[in-house]
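One structure is given here, and the rest of the page talks about it.
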Amino acid sequence: MNSQFSRVREWMNENNVASLVITDPANQFYLSGFKALIYSRPILLIIDHETSAFILPSLEEKHAEAEAEVDNLYAYYETPEMAGGNASNDPTELLQQVLKQKHGPGETIAFDLSYASARLVMDVKEVGFNVADASKRIQTLRYRKNPQEMETMKEAGKLVEVAVDKSIRTAAEGVTELEVDAAGNAELFAETAREYPNASLDLTVMTPSGPVRSVMPHVFSNTRKLEEGDVAIHTRQVGLNGYRAELERTFVVGKASDRQKEAFHVMVRAQEAALKMIKPGVQAKEIDLAARKVITEAGLEEYAIHRVGHAIGVSSHEEPHIRFDNSLELEEGMAFCIEPGIYIPGVGGFRHSDTVIITADGYELITEYPRDLKRLTI
823 MNSQFSRVRE WMNENNVASL VITDPANQFY LSGFKALIYS RPILLIIDHE
873 TSAFILPSLE EKHAEAEAEV DNLYAYYETP EMAGGNASND PTELLQQVLK
923 QKHGPGETIA FDLSYASARL VMDVKEVGFN VADASKRIQT LRYRKNPQEM
973 ETMKEAGKLV EVAVDKSIRT AAEGVTELEV DAAGNAELFA ETAREYPNAS
1023 LDLTVMTPSG PVRSVMPHVF SNTRKLEEGD VAIHTRQVGL NGYRAELERT
1073 FVVGKASDRQ KEAFHVMVRA QEAALKMIKP GVQAKEIDLA ARKVITEAGL
1123 EEYAIHRVGH AIGVSSHEEP HIRFDNSLEL EEGMAFCIEP GIYIPGVGGF
1173 RHSDTVIITA DGYELITEYP RDLKRLTI
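The sequence shown maps to residues 823 to 1200 in my numbering.
And the structure:
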């Protein structure tokens, strides 16, 4: 039996929920193991107390048959030959039909309302069902990784190290941001094929460089060529079979200025301070404040414009966040990216990120790469 479904059904029993409709692709993958490439056509996961099913476009049937851990598939069609006498070729009408076959008026249908469309929810209410929100429960289920999830993330950590190393060794004056990314991508693809035959792989990568672009925390790489004196932040996430690890390193092209050296070293110390705090029972905000204290004491607090970390798993950024206002206590099995950043216009952006898994008495670092300026000067 799917253990994720079992945990969801416990919540359904406790809250008198007849069926659960999952619309968020990340939640669908977490619960069923199925991830589509494109979601422009609606895909709905339905879980009741005995069975599970997908409502999905017919072009996804074969894919779902191969990967989805569900009992039934209900397809809707968009060609006259395939539609034939099918009861409905509208996914919302099909959902209404499936729910009415199993449940009576007045029963409760829960959605992940943080993602579900208002129109879909209203259509279910219009046929006589009550509606509840399961968003928080699904979110908290994803907080703690099971042993299989942790192992996959550790393997992803090894792959992201390979890719980051190749990208940084490729970086040089005159090389474009996109070429830095591409070198690591090629190494990543080759290593994954060698070590994990028939695995799925997805990635996020960017290398914003220079005094203007490196102070933008999230920006696509472009054809800008690296120049002497540039700071660049190489950011990379690798998802292996749906589970991700993140590794980021700031590097300098040529000789760093005094201002760049100062910001770089403060950033490294801030990450070290955050890592030293990590263990079960510590509040998320304590980790953020430990890193922020280092930055503030150096007089750079106005340039620290984001939280110190976030959870990671099936999504690139997940709850809980390592933020100044989050009192949630860390638990064994949670996974986080620790990434304090400093962004000084005209000087550069400075951010390292590493992925950790919380253990019984601390944490396990699942990404490892040099952090010091000497080895990150090219």
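In this text, a Cβ means the ideal position worked out from N, Cα and C, and glycines have one as well.
Everything numeric in this text was worked out from a predicted model, so none of it was measured.
Discussion item. Do L1195 and V1074 count as a contact pair if the criterion is CB distance below 8 Å?
Written reply: Taking the sequence shown and counting its residues from 1, one reaches residue 1074 at position 252. Taking the sequence shown and counting its residues from 1, one reaches residue 1195 at position 373. Yes, they are a contact pair.
Practice prompt. Label E1009 either buried or exposed according to how many other C-beta atoms from any shown protein chain fall within 10 Å of its C-beta, with 16 as the threshold for buried.
Written response: Indexing the sequence shown from 1 puts residue 1009 at position 187. Classification of E1009: buried, given that the 10 Å Cβ count is 16 or more.
Worksheet entry | Those residues which DSSP pairs with S1138 across a bridge | On the sequence shown, residue 1138 is found 316 positions in, with the first residue counted as 1. Answer by DSSP bridge pairing: none, since S1138 is not bridged.
Worksheet entry | Close-in-space but distant-in-sequence residues of the same chain around R1035 (CB under 7 Å, 5 per side omitted) | The count along the sequence shown starts at 1 and reaches residue 1035 at position 213. The residues are V1041, R1046.
Practice prompt. Compare the C-alpha of E1070 against each of L917, L1198, A888 and name the closest.
Written response: The residue you call residue 1070 lines up with position 248 of the sequence shown. Answer by Cα proximity: L1198.
Worksheet item: Which one or two residues does DSSP pair with V1178 in a beta bridge?
Response: Here residue 1178 corresponds to residue number 356 of the sequence shown, with the count starting at 1. F1158, L1187.
Discussion item. Determine whether the beta carbon atoms of S1031 and A1054 lie at a separation below 8 Å.
Written reply: Within the sequence shown, the letter at position 209 stands for residue 1031. Within the sequence shown, the letter at position 232 stands for residue 1054. A contact, by the Cβ cut-off of 8 Å.
Discussion item. Spatial neighbours of A1085 within its chain, please: C-beta separation below 8 Å, excluding the five flanking residues on both sides.
Written reply: As a first step, residue 1085 is located in the sequence shown; it is residue number 263 there, counting from the start. Taken in chain order, the residues that qualify are L1122, Y1125, I1164, I1166, V1169, G1170, F1172.
Discussion item. A993 and V1002 - do their beta-carbons sit closer together than 8 Å?
Written reply: As a position in the sequence shown, residue 1002 is number 180, starting the count at 1. As a position in the sequence shown, residue 993 is number 171, starting the count at 1. Their beta carbons are under 8 Å apart, which means V1002 touches A993 by this criterion.
Worksheet item: What whole-angstrom Cβ distance do P1192 and L1152 have, given they're in contact under 8 Å?
Response: Position 370 of the sequence shown, counted from the first residue, corresponds to residue 1192. Position 330 of the sequence shown, counted from the first residue, corresponds to residue 1152. In fact, because the Cβ distance is near 27 Å, the residues do not count as touching under 8 Å.
Worksheet item: When DSSP builds the beta bridges, which residues end up paired with N952?
Response: What you label residue 952 is simply residue 130 of the sequence shown in a count that begins at 1. Per DSSP, T930.
Discussion item. Quick check: what's the CA-CA separation for L921 versus S841?
Written reply: Working through the sequence shown from its first residue, we reach residue 921 at position 99. Working through the sequence shown from its first residue, we reach residue 841 at position 19. Approximately 8 Å between the Cα atoms of the pair.
Worksheet item: Which of the three DSSP states, helix, strand or coil, is assigned to R991?
Response: By 1-based counting over the sequence shown, the position of residue 991 is 169. R991: helix per DSSP, three-state reduction.
Practice prompt. Look at the Cβ atom of Y852, then the Cβ atom of M975, and state whether they are nearer than 8 Å.
Written response: The residue you call residue 852 lines up with position 30 of the sequence shown. The residue you call residue 975 lines up with position 153 of the sequence shown. Against a cut-off of 8 Å, the Cβ pair of M975 and Y852 comes out as no contact.
Item to complete: Whole angstroms is fine: what's the gap from N1020's alpha carbon to G1006's?
Response: As a first step, residue 1020 must be located in the sequence shown, where it is residue number 198. As a first step, residue 1006 must be located in the sequence shown, where it is residue number 184. Between N1020 and G1006, the C-alpha separation is close to 20 Å.
Discussion item. What does the Cβ neighbour count give for E971, buried or exposed, with the cut at 16 atoms within 10 Å?
Written reply: Taking the first residue of the sequence shown as 1, we reach residue 971 at position 149. Classification of E971: buried, given that the 10 Å Cβ count is 16 or more.
Fill in: Residues of its chain near M823, where Cβ-Cβ distance is below 7 Å and the 5 sequence neighbours each way are ignored
In the sequence shown, residue 823 corresponds to position 1, counting from 1. For M823, the predicted model reports a pLDDT of 49, less than 50, meaning its position is unreliable and no value from the coordinates is stated.
Item to complete: Identify the continuous beta strand (DSSP E) that holds H1132 and give its terminal residues.
Response: For the purposes of this step, residue 1132 is taken as the residue at position 310 of the sequence shown. If you look at H1132, you'll find it in the beta strand (DSSP E) that goes 1131-1133.
Worksheet item: In whole angstroms, what separates the C-alpha of K988 from that of V946?
Response: Residue numbering aside, residue 988 sits at position 166 when the sequence shown is read from its first letter. Residue numbering aside, residue 946 sits at position 124 when the sequence shown is read from its first letter. Between K988 and V946, the C-alpha separation is close to 51 Å.
Discussion item. Spatial neighbours of L935 within its chain, please: C-beta separation below 6 Å, excluding the five flanking residues on both sides.
Written reply: Mapped onto the sequence shown, residue 935 falls at position 113. Hits under 6 Å: D955, S957.
Fill in: Per DSSP, the bridge partner or partners of N894
Position 72 of the sequence shown holds residue 894. Paired residue(s): A875.
Item to complete: Within the same chain, show all residues whose beta-carbon is closer than 8 Å to that of N968, passing over the 5 residues directly before and after it, in chain order.
Response: Looking up residue 968 in the sequence shown gives position 146. Excluding sequence neighbours, N968 sits near S825, G1155.
Discussion item. Using a Cβ-Cβ cutoff of less than 6 Å, which residues in the same chain neighbour Y1185 once the five nearest sequence positions on both sides are dropped?
Written reply: Counted from its first residue, the sequence shown places residue 1185 at position 363. Counting only Cβ-Cβ distances below 6 Å, and skipping sequence neighbours, we find I1100, V1178.
Worksheet entry | Opening and closing residue of the beta strand (DSSP E) in which R1114 lies | Along the sequence shown, one-based indexing puts residue 1114 at 292. Note, R1114: premise wrong, no beta strand (DSSP E); alpha helix (DSSP H) at 1106-1119.
Practice prompt. Give the range of the beta strand (DSSP E) segment to which Y1065 is assigned.
Written response: Numbered from its first residue, the sequence shown carries residue 1065 at position 243. That run of the beta strand (DSSP E) goes 1065-1074.
Worksheet item: With burial defined as no fewer than 16 other Cβ atoms inside 10 Å of the residue's Cβ, what is the status of L867: buried or exposed?
Response: In the sequence shown, the residue the question calls residue 867 occupies position 45. Classification of L867: buried, given that the 10 Å Cβ count is 16 or more.
Discussion item. Checking the sheet assignment: what are the DSSP bridge partners for D1024?
Written reply: Counting from 1 along the sequence shown, the entry for residue 1024 is found at position 202. For D1024, which the question treats as bridged, DSSP gives the partners G1061.
Discussion item. Taking 8 Å as the limit between beta carbons, can you name the residues of its chain near R1145, skipping five residues before and five after?
Written reply: As a first step, residue 1145 must be located in the sequence shown, where it is residue number 323. Correct list, in chain order: A1106, K1107, D1110, R1129, V1130.
Practice prompt. May I have the straight-line CA-CA distance separating A875 from L1000, to the nearest angstrom?
Written response: By one-based count along the sequence shown, residue 875 stands at place 53. By one-based count along the sequence shown, residue 1000 stands at place 178. Taking the straight line from one Cα to the other gives about 41 Å.
Worksheet entry | Under 8 Å between C-beta atoms of V892 and Q918 | In the sequence shown, the residue the question calls residue 892 occupies position 70. In the sequence shown, the residue the question calls residue 918 occupies position 96. Not closer than 8 Å, so no.
Worksheet item: Which of the three DSSP states, helix, strand or coil, is assigned to K967?
Response: If you number the sequence shown from 1, residue 967 lands on position 145. Three-state DSSP puts K967 in coil, outside helix and strand.
Worksheet item: Shortest alpha-carbon distance to S1138 belongs to which of L1150, A1120, A1157?
Response: Counting from one through the sequence shown, the residue named residue 1138 turns up at place 316. Closest by alpha carbon: A1157.
Worksheet item: Taking the alpha carbon of L1187 as the point to measure from, which residue in E1094, E1119, A1120 has its own alpha carbon closest?
Response: In the sequence shown, counting from the first residue as 1, residue 1187 sits at position 365. The option with the nearest alpha carbon to L1187 is E1094.
Worksheet item: Nearest to R941 by CA position, among H1143, E973, T845, T873, is which residue?
Response: The residue you call residue 941 lines up with position 119 of the sequence shown. It is T845 whose Cα lies nearest to the Cα of R941.
Worksheet item: Going by the CB atoms, is the gap between G979 and T1189 shorter than 8 Å?
Response: Stepping through the sequence shown from its first residue, residue 1189 is reached at position 367. Stepping through the sequence shown from its first residue, residue 979 is reached at position 157. Their beta carbons are under 8 Å apart, which means T1189 touches G979 by this criterion.
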